[in-house]
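Numbering (our numbering), first residue to last: 13 to 73.
Where is the CB? At the ideal position from N, CA and C, for every residue including glycine.
Single-structure report; data block below.
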Amino acid sequence: MFYYYEDCPVCGNEIGVVAHKGDIRRCPYCHQLYIVKYENKTRKILEEYQAYLLKQNSKAH
Numbered sequence: 013m014f015y016y017y018e019d020c021p022v023c024g025n026e027i028g029v030v031a032h033k034g035d036i037r038r039c040p041y042c043h044q045l046y047i048v049k050y051e052n053k054t055r056k057i058l059e060e061y062q063a064y065l066l067k068q069n070s071k072a073h
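In structure tokens form, the structure reads like this:
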């Protein structure tokens with residue numbers, strides 16, 4: 013998986029996040045819930061590529 017880093021708004025620790033903007037995640041350090049601020053473009057690209065591969069696979073059969 014690909015990560016990008018975001019600071020926890022409560023404790024300030026850097027967290028590796030695999031999530032979309034607006035998702036709710038829990039900080040592994042202070043266990044506080046927070047909303048992801050940044051769009052993770054890597055995950056979006058991976059999902060589009062996986063959908064493309066599935067489409068190609070279904071055409072092959």
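Over the uninterrupted beta strand (DSSP E) stretch that includes residue i, give me the two end residues.
i: aspartate 19; result: 16-19
i: glycine 28; result: 26-29
Would you report the Cα separation of residue i and residue j, rounded to the nearest angstrom?
i: lysine 33; j: tyrosine 46; result: 11 Å
i: aspartate 19; j: alanine 31; result: 14 Å
i: glutamate 59; j: glutamine 68; result: 14 Å
i: cysteine 49; j: leucine 66; result: The identity of residue 49 in the sequence shown is lysine, whereas the question assumes cysteine. Roughly 30 Å separates the two Cα atoms.
i: proline 40; j: tyrosine 16; result: 15 Å
i: alanine 72; j: isoleucine 57; result: 23 Å
i: arginine 37; j: isoleucine 27; result: 10 Å
Report, in whole angstroms, the separation of the C-beta atoms of residue i and residue j, which I expect to be a contact under 8 Å.
i: valine 22; j: glutamine 44; result: 4 Å
Pull the bridge partners of residue i from the DSSP assignment, please.
i: tyrosine 46; result: Arg37
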